[in-house]
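**Q** Below you'll find the structure I mean.
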Amino acid sequence: MFARFFKSLKRDTSGKQYLAFVDGIRFIAIIPVVILHANERLQRYVINPDTLSSAEQQLSYLISRGAIGVMIFFALSGFILSLPFAKRTKSFHYKDYLKRRLTRLEPPYIFWMTLFGLILFFQSGIPLETIGQHYLASIFYVHNQLFGEFSIINPVAWSLEVEVQYYLIAPFIAIFYFKLEDIRSRHALLLSMIALFIIYQHAFSWQILPLRASILGQLQHFLIGMFMADVYANNKNWHNQKSYGFDLIGIGSIVLMMFTWTEELGKSLIFSIGMIGFFAACLKGRLTYKFLTHSWVSIIGGMCYTIYLTHLPLLELVYSLIGRFGYSSPYWLQLSISLILILPMVLLSSMIFYKCIEQPFMKKEAFTILVKVIQAKENHLKDQHTINAEEQ
662 MFARFFKSLK
672 RDTSGKQYLA
682 FVDGIRFIAI
692 IPVVILHANE
702 RLQRYVINPD
712 TLSSAEQQLS
722 YLISRGAIGV
732 MIFFALSGFI
742 LSLPFAKRTK
752 SFHYKDYLKR
762 RLTRLEPPYI
772 FWMTLFGLIL
782 FFQSGIPLET
792 IGQHYLASIF
802 YVHNQLFGEF
812 SIINPVAWSL
822 EVEVQYYLIA
832 PFIAIFYFKL
842 EDIRSRHALL
852 LSMIALFIIY
862 QHAFSWQILP
872 LRASILGQLQ
882 HFLIGMFMAD
892 VYANNKNWHN
902 QKSYGFDLIG
912 IGSIVLMMFT
922 WTEELGKSLI
932 FSIGMIGFFA
942 ACLKGRLTYK
952 FLTHSWVSII
962 GGMCYTIYLT
972 HLPLLELVYS
982 LIGRFGYSSP
992 YWLQLSISLI
1002 LILPMVLLSS
1012 MIFYKCIEQP
1022 FMKKEAFTIL
1032 VKVIQAKENH
1042 LKDQHTINAE
1052 EQ
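The sequence shown begins at 662 in the numbering used here and counts up one residue at a time.
Structure, rendered in structure tokens:
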């Protein structure tokens, strides 16, 4: 029964070709983010980070590199949004493009931000007016820039604001880029643009908050995704020939990114090389590609939007409760036990939330149907009101 339910969670791509490895990459991106936030809550509510040994501090540092998952999400968005332009498969209509993005992503986002906003109001004692200001800024994806900090309702929403900023400009960048016919010239141009942008970024301190939480602080990752989309779409060898060598490149690239994710210029340039190597491994690595396309991995990865939106409040709740009992075990044991408990909770709850809230809006006609249902309900109530008035 569970297996049947689990298979029903496979993403609906509205008739488009389903690329399982894309959801596999989402899996690789989301799990480290969840573990990172679990570790942060463990040290906030349960364990005093000042008491950690040097070895435990190193372990905590490595877990903190899970934030790289967000950069992978950015690059993946650049890949996905650029792919139709790289393949030159169909004509483009900006209005339809925006409508599809809004109807696909906005309903779950509004639902969860509204729910978490209400919970925050009843639990925190923060004035409704203050929460309302943060809520509206978050809903319209301008919180980072208006307040200069992450949303108090759901801090992870910062990256969604960056995503939306890129959605608005992505088609124009892609149209300009793919007008160049010579592939090598395109590649040289884009790689140069990425390097130059990172240099400008550091020259004007765009890599530091609050601009770090904007497209100015993250554009290079999206452009890397565009570059890999071009490589993937216009080189047949990237579809067929896989090798173990690229698996090793993938491992090396992850390690490289873990130790170069900083605000330093030189390391930021190296980080981008690591990101390219990581995506190359996802496309060309024999074992990596097999892992990414495994049904369990791709299905869980396909739920990443729901997992991302809901995991942090759940972690806050669970670890705040655990913290009331104190602790006596070593850090690594507390972390291991809590992850064994919390990861299944996050995944199982996300499956239910995804099935009930996000998945229905994956179909193109879902939003239109919802509007018609609401209108029909309103008309029914009006008719009923008219009948009651006439009877009186």
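Just so you know, even glycine gets a beta-carbon here, dropped at the ideal spot from N, CA and C. Bear in mind the structure is a predicted one, so any value in this text is a computation, not a measurement.
#1: If you draw a straight line from the C-alpha of leucine 696 to the C-alpha of glycine 727, how long is it?
#2: Can you round the beta-carbon distance between isoleucine 844 and asparagine 895 to whole angstroms, since I take them to be within the 8 angstroms contact cut?
#3: Quick one: residues in its chain with C-beta nearer than 7 angstroms to the C-beta of valine 1034, no 5 flanking neighbours on either side, listed in chain order?
#4: Taking a contact to mean a Cβ-Cβ separation below 8 angstroms, would you say phenylalanine 735 touches valine 823 in this structure?
#5: Since serine 904 sits in a beta bridge, which residues does DSSP pair it with?
#6: For the segment 834-850 and the segment 879-896, state whether three or more C-beta atom pairs, one from each stretch, are separated by less than 8 angstroms.
#7: Rank Tyr828, Gly809, Ile787, Asp711 by C-alpha distance to the C-alpha of arginine 647 and give the top, closest one.
#8: Output the distance between the C-alpha atoms of arginine 983 and threonine 775, rounded to the nearest integer angstrom.
#9: Give, in chain order, every unbroken run of the alpha helix (DSSP H) that is at least 4 residues long and sits entirely within the segment 758-832.
#10: According to the neighbour-count rule (16 or more other Cβ atoms, all chains shown, within 10 Å of its Cβ), is phenylalanine 833 buried or exposed?
#11: Decide yes or no for the touch test of the segment 678-689 against the segment 937-954: beta carbon pairs closer than 8 angstroms, at least 3 of them.
#12: Taking the alpha-carbon positions, what's the histidine 1041 to leucine 723 distance?
#13: Between the alpha carbons of threonine 967 and arginine 665, how many angstroms are there, rounded?
#14: Mind listing, in chain order, the continuous alpha helix (DSSP H) runs of no fewer than 4 residues lying wholly within the segment 867-921?
#15: If arginine 672 sits next to methionine 1023, beta carbons under 8 angstroms apart, how far is it from one beta carbon to the other, in whole angstroms?
#16: In whole angstroms, what separates the C-alpha of serine 997 from that of glycine 946?
#17: Counting only the same chain and skipping the five closest in sequence on each side, list residues whose C-beta sits under 6 angstroms from that of leucine 877.
#18: Going by beta carbon distance, what residues of the same chain come within less than 8 angstroms of tyrosine 706, once the five residues before and after it are set aside?
#19: Please report the Cβ distance between methionine 936 and histidine 882, rounded to the nearest whole angstrom; I am assuming they are in contact, meaning their Cβ atoms lie under 8 angstroms.
#20: Should the segment 806-814 be called in touch with the segment 778-797, which here means at least 3 C-beta pairs below 8 angstroms?
#21: Please state whether DSSP places lysine 668 in a helix, a strand or coil.
#22: Name the two residues that bound the continuous alpha helix (DSSP H) containing valine 695.
#23: Do you know whose CA, among Ile692, Ile691, Arg702, Ala690, lies nearest glutamine 995's CA?
#24: When you compare only the Cα positions, how much space is there between tryptophan 922 and arginine 873?
#25: What residue does the alpha helix (DSSP H) around lysine 840 start on, and which one ends it?
#26: Compare the Cα-Cα distances from leucine 1004 to each of Phe783, Val694, Ala941 and report the closest residue.
**A** Judging by the given coordinates:
#1: Start at 1 with the first residue of the sequence shown, and residue 696 comes out as number 35. Start at 1 with the first residue of the sequence shown, and residue 727 comes out as number 66. As written in the sequence, residue 696 is isoleucine, which differs from the leucine given in the question. When rounded, the distance between both Cα atoms is 7 angstroms.
#2: For the purposes of this step, residue 844 is identified with residue 183 of the sequence shown, where counting begins at 1. For the purposes of this step, residue 895 is identified with residue 234 of the sequence shown, where counting begins at 1. Between asparagine 895 and isoleucine 844 the Cβ distance is about 6 angstroms, and since that is below 8 angstroms, they are a contact.
#3: Looking up residue 1034 in the sequence shown gives position 373. The pLDDT assigned to valine 1034 is 45, lower than 50, so where the model puts this residue is not dependable, and the model offers no usable value.
#4: Position 74 of the sequence shown, counted from the first residue, corresponds to residue 735. Position 162 of the sequence shown, counted from the first residue, corresponds to residue 823. Contact: yes.
#5: Here the question's residue 904 lines up with position 243 in the sequence shown. Gly946, per the DSSP bridge assignment.
#6: yes
#7: The first residue shown for the chain is 662 and the last is 1053, placing residue 647 beyond what the model contains.
#8: The residue labelled residue 983 in the question sits at position 322 within the sequence shown. The residue labelled residue 775 in the question sits at position 114 within the sequence shown. Reading off the sequence, residue 983 comes out as isoleucine, not arginine. Roughly 26 angstroms separates the two Cα atoms.
#9: 789-800, 804-808
#10: As a working note, residue 833 is residue 172 in the sequence shown. By the neighbour-count rule (16 or more Cβ atoms within 10 Å), phenylalanine 833 is not buried but exposed.
#11: yes
#12: The count along the sequence shown starts at 1 and reaches residue 1041 at position 380. The count along the sequence shown starts at 1 and reaches residue 723 at position 62. Confidence is the limiting factor: at histidine 1041 the pLDDT is only 48, short of 50, which leaves the residue's position unreliable, though a coordinate-based value still follows. So the two alpha carbons sit approximately 58 angstroms from each other.
#13: Within the sequence shown, numbered from 1, the residue matching residue 967 stands at position 306. Within the sequence shown, numbered from 1, the residue matching residue 665 stands at position 4. If I take the Cα positions, the gap works out to 20 angstroms.
#14: 876-894, 898-901, 905-919
#15: Taking the first residue of the sequence shown as position 1, residue 672 is located at position 11. Taking the first residue of the sequence shown as position 1, residue 1023 is located at position 362. About 6 angstroms separates the two Cβ atoms, so the contact holds.
#16: Residue numbering aside, residue 997 sits at position 336 when the sequence shown is read from its first letter. Residue numbering aside, residue 946 sits at position 285 when the sequence shown is read from its first letter. Cα to Cα, the separation comes out at about 30 angstroms.
#17: Counting from 1 along the sequence shown, the entry for residue 877 is found at position 216. Counting only Cβ-Cβ distances below 6 angstroms, and skipping sequence neighbours, we find Trp867.
#18: Residue numbering aside, residue 706 sits at position 45 when the sequence shown is read from its first letter. Excluding sequence neighbours, tyrosine 706 sits near Tyr980, Ser981, Ile983, Gly984.
#19: As a working note, residue 936 is residue 275 in the sequence shown. As a working note, residue 882 is residue 221 in the sequence shown. Sure, about 7 angstroms apart at Cβ, within 8 angstroms.
#20: yes
#21: On the sequence shown, residue 668 is found 7 positions in, with the first residue counted as 1. Three-state DSSP puts lysine 668 in a helix.
#22: Walking along the sequence shown from the start, residue 695 turns up at place 34. Run containing valine 695: 681-706, per the alpha helix (DSSP H) assignment.
#23: For the purposes of this step, residue 995 is taken as residue 334 along the sequence shown, with counting starting at 1. The candidate whose alpha carbon is nearest that of glutamine 995 is Arg702.
#24: The count along the sequence shown starts at 1 and reaches residue 922 at position 261. The count along the sequence shown starts at 1 and reaches residue 873 at position 212. Near 13 angstroms, if we compare the C-alpha coordinates of arginine 873 and tryptophan 922.
#25: Along the sequence shown, read from residue 1 onward, the residue named residue 840 stands at position 179. Looking at the DSSP string, lysine 840 is not in any alpha helix (DSSP H), and its letter there is neither H nor E.
#26: The residue you call residue 1004 lines up with position 343 of the sequence shown. The shortest Cα separation from leucine 1004 among Phe783, Val694, Ala941 belongs to Val694.
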